[in-house]
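Here's the structure we're looking at; comments come further down.
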Amino acid sequence: MPRSLWTGSLSFGLVNVPVQLVTAVQDVGFRFRQLNSKTHRPIEVRRFCSEEDREVAYEEIAHGYELDDGNQVIITDEDLAAVEPRKTRTIDIDSFVELADVDPIYFDHPYFLVPIGESEGTLRAYQLLVEVMSSTDRAALGRFVMRTKEYLVLVRVRDGRLALTTLLWHDEVRESKGIAPGGKAKPDKTCVEQTVALIEALSVDWDPSRYEDEYRKRVADVIARKKKGGTIKAPAAEKEPAPTPDLMAALEKTLAEMKGGGGGKASAAGSGGRDELEGMTKQELAQRAADEGVEGRSKMTKDELVDALAG
Amino acid sequence: MPRSIFNATISFGLVNVPIKLYSATESKTVHFREVHETDGAKIEHRRIDPETGDVVPYDDIVKGYEVAQGEFVELSKEEIAAAAGEKTKRIAIDEFVPAGAIDPVFYEKTYYVGCREGGADAYRTLHAALAQTERAGIGHMTYHNREYLVAIRALDDVIALHTMRFADELVPGDELDAGEPEKGPSQREVKMAGSLVDALAAEFKPEEQRDTYRESVLAMIDAKAKGKQVVRAAPDEPAEETDLLAALQASVKGAKG
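Just so you know, the protein sequences line up as chains H and B, in that order. So for the first sequence, our numbering puts the first residue at 1; every next one is plus one. So for the second sequence, our numbering puts the first residue at 1001; every next one is plus one.
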């Protein structure tokens, strides 16, 4: 279990449930150290005073805040402690809001709340919250203080546990005004219909386990090859595709190609041979798998699709 | 309007939409810079070789992955770039899923998608179709030498793009050591807690929530700039609760009050 980042109690009306906060995301990527390429030793980052040109201990460091007039105020840890919010040991639930009304853009970092201890009272109160919140479309909105900072949080049920996410403040979400193309122009109705048809043809169920981090795999591969003494070259840059000149024609062509078996490039060779299949995009393979009624196709990787279709 | 951070092309099927990305969020946490307490001078972070005590120039720094205690595989900047995969400005959307089915826990960072010259029609069309089907497009994007899984969806009048977490980056709920009570909550307790949820039902109005901590930090800085003293307040401890049902009843009563 991830380590506890905060302990306190979840305060729901007059009910207090002792809980600990643990992160809901785990670091599965690669961590690198900075090395000196001449000596091959890890370097250390040390703090120096730019005036005195000497190393300074961590205790000698304060926080500088630049004022609008360019002057600087020096803030000490004691100054910050003085404005620490008072309540530091509870998550106070203020209200219950419709989860669907909280746009995911507000979601910041995900955590879980885990009951502390084995006391029957605690476990029952925790279980009660899980049951109640599973049966409603509402999530609890509250606040709590962690490491001197106050957070707006949403508590809901995920994976049978109380899940907490910190939320961004309203002014941390930028306005989107002026970003979409302006003007009163409406998209062409037929183009929208064709795009809807295309989206539907390419639709699958949401299943996050189908997606794998190719970047992480490539980093692992680069490390493994380098360890064996291989040389690694970066791939050449791909040319950015040109904007589609005729939207309707492009949509029609895409849909025609996706109908598989038809006259599009997807089935130009027509044989279904492995070479041809390997040259196809995942979309094309998925469409052909659908046409041929391949079972479990929505969970297959590109290679698995090729295997299924070639076999 | 903020400045765009990245130009790219969203492609689905044979359609290419030239776009720009904008950060949709910005941290408003009060940021300080490190200074030396005695003289207020800026603190510099210097890269030091611990054996010699000398500063190591930036050009001599490489990344090392520790394969065994003290044994590193060194990767140059070019080799790191090789791991980024295809160097592409194409955001290829491979498939679409019901937008409401994606738990927000998968969304990492949000960007707004704007359009570039020659892309307005295709942008409007894609936006309308995403809104109408209530689906999100799933694809890949390479940004700053790293490939991301991304989702695009209609958000008000723009297209929003989220970088996504992978399923194995999430801690599974059943890995947490949470004990089960011997006796589950009674029907009466569940009903009572349900009434409390109803009594506390409210609309989500983010604009009414203020970051009071940020406000007090800024007020403290202001006071300090004017030469005033700052004093510390004492923490509050919550009361221990024993009788679940009685507490629920009292809470419902209080909320309805």
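No residue lacks a Cβ here, since even glycine has one placed at the ideal position from N, Cα and C. Being a predicted model, the structure only gives us computed values, none of them experimental.
Any chain B beta carbon closer than 8 Å to residue i
| i | result |
| --- | --- |
| glycine 263(H) | Because glycine 263(H) carries a pLDDT of 39, less than 50, the predicted location of this residue cannot be relied on, and the following value inherits that uncertainty. Chain B, which has no Cβ nearer than 8 Å to the Cβ of glycine 263(H), makes this no. |
| alanine 21(H) | Here the sequence assigns leucine to residue 21(H), which means alanine is not the residue at that position. Cβ-Cβ to chain B under 8 Å: no for leucine 21(H). |
| alanine 266(H) | Only weak support is given to the placement of alanine 266(H): the predicted model assigns it a pLDDT of 37, under 50, and the question is left unresolved by the model. |
| glutamate 51(H) | yes |
| arginine 147(H) | no |
| serine 203(H) | yes |
| alanine 310(H) | no |
| glycine 121(H) | yes |
| glutamate 292(H) | no |
| valine 28(H) | yes |
| histidine 170(H) | yes |
| threonine 76(H) | yes |
| lysine 38(H) | yes |
| alanine 269(H) | Reliability fails at alanine 269(H), whose pLDDT of 35 lies under 50, so the model's placement of it is uncertain and no value is given. |
Identity of the residue in the options nearest residue i by Cα
| i | options | result |
| --- | --- | --- |
| proline 1057(B) | Glu1051(B), Ala1246(B), Arg1047(B) | Arg1047(B) |
| glycine 1070(B) | Thr136(H), Thr39(H), Phe144(H), Pro104(H) | Thr39(H) |
| glycine 1173(B) | Arg3(H), Val157(H), Ile223(H) | Val157(H) |
| isoleucine 388(H) | Thr1163(B), Lys1063(B), Thr1038(B), Lys1109(B) | Not covered by the structure: residue 388(H). The range shown for chain H is 1 to 311. |
| isoleucine 1061(B) | Gly229(H), Asn71(H), Leu35(H) | Leu35(H) |
| valine 83(H) | Ala1225(B), Asp1222(B), Tyr1213(B), Gly1227(B) | Tyr1213(B) |
| alanine 139(H) | Ala1201(B), Asp1243(B), Val1190(B) | Ala1201(B) |
| glutamate 112(H) | Asp159(H), Met133(H), Thr281(H) | As written in the sequence, residue 112(H) is phenylalanine, which differs from the glutamate given in the question. The candidate whose alpha carbon is nearest that of phenylalanine 112(H) is Asp159(H). |
Within 8 Å, strictly: CB atoms of residue i and residue j
| i | j | result |
| --- | --- | --- |
| phenylalanine 107(H) | threonine 148(H) | no |
| isoleucine 91(H) | leucine 10(H) | yes |
| glutamine 1209(B) | leucine 152(H) | yes |
| leucine 129(H) | valine 22(H) | no |
| aspartate 1094(B) | glutamine 127(H) | no |
| valine 1197(B) | tyrosine 1123(B) | no |
| valine 222(H) | glutamate 1079(B) | yes |
| lysine 1087(B) | alanine 237(H) | yes |
| isoleucine 1010(B) | tyrosine 1022(B) | no |
| tryptophan 6(H) | valine 1097(B) | no |
| arginine 1116(B) | isoleucine 1221(B) | no |
| glutamate 1074(B) | serine 37(H) | yes |
| leucine 1170(B) | alanine 24(H) | yes |
8 Å Cβ cutoff, residue i in contact with chain H
| i | result |
| --- | --- |
| isoleucine 1102(B) | yes |
| isoleucine 1005(B) | no |
| threonine 1038(B) | yes |
| valine 1171(B) | yes |
| tyrosine 1143(B) | no |
| valine 1197(B) | yes |
| threonine 1110(B) | yes |
| glycine 1184(B) | yes |
Which of helix, strand or coil DSSP assigns to residue i
| i | result |
| --- | --- |
| threonine 195(H) | helix |
| isoleucine 93(H) | strand |
| alanine 1024(B) | coil |
| serine 1251(B) | helix |
| tyrosine 211(H) | coil |
| alanine 266(H) | With a pLDDT of 37 at alanine 266(H), under the threshold of 50, the predicted position of this residue should be treated as unreliable, though the coordinate-derived value follows. Reduced to three states, the DSSP call for alanine 266(H) is helix. |
| glycine 1100(B) | helix |
| serine 47(H) | Reading off the sequence, residue 47(H) comes out as arginine, not serine. In the structure shown, arginine 47(H) sits in a strand (DSSP, three-state: E or B). |
| proline 85(H) | coil |
| methionine 280(H) | coil |
| glutamine 1132(B) | helix |
| glycine 1064(B) | strand |
| threonine 190(H) | helix |
| histidine 1045(B) | strand |
| phenylalanine 107(H) | strand |
| threonine 254(H) | helix |
| glycine 261(H) | Here glycine 261(H) scores only 46 on pLDDT, less than 50, and its place in the model is too uncertain to base an answer on. |
| threonine 244(H) | coil |
| alanine 24(H) | coil |
| aspartate 205(H) | coil |
| arginine 3(H) | coil |
| serine 271(H) | Bear in mind that a pLDDT of 43 at serine 271(H), under 50, signals an unreliable position, so the number given afterwards is only what the model happens to contain. Reduced to three states, the DSSP call for serine 271(H) is coil. |
| glutamate 295(H) | coil |
| glutamate 1108(B) | strand |
| alanine 139(H) | strand |
One or two residues paired with residue i in a DSSP bridge
| i | result |
| --- | --- |
| serine 9(H) | Pro18(H), Thr90(H) |
| lysine 1087(B) | Ala237(H) |
| glycine 1137(B) | Phe1096(B), Ile1152(B) |
| isoleucine 1016(B) | Position check: residue 1016(B) holds asparagine in this sequence, whereas isoleucine was assumed. Ser1011(B), per the DSSP bridge assignment. |
| phenylalanine 144(H) | Tyr151(H) |
| glutamate 1074(B) | Gly1064(B) |
| phenylalanine 1166(B) | Looking at the DSSP assignment, phenylalanine 1166(B) forms no beta bridge with any residue, so it has no partner. |
| histidine 63(H) | Ile75(H), Glu1034(B) |
| glutamate 55(H) | Phe48(H) |
| phenylalanine 112(H) | Val22(H), Ala163(H) |
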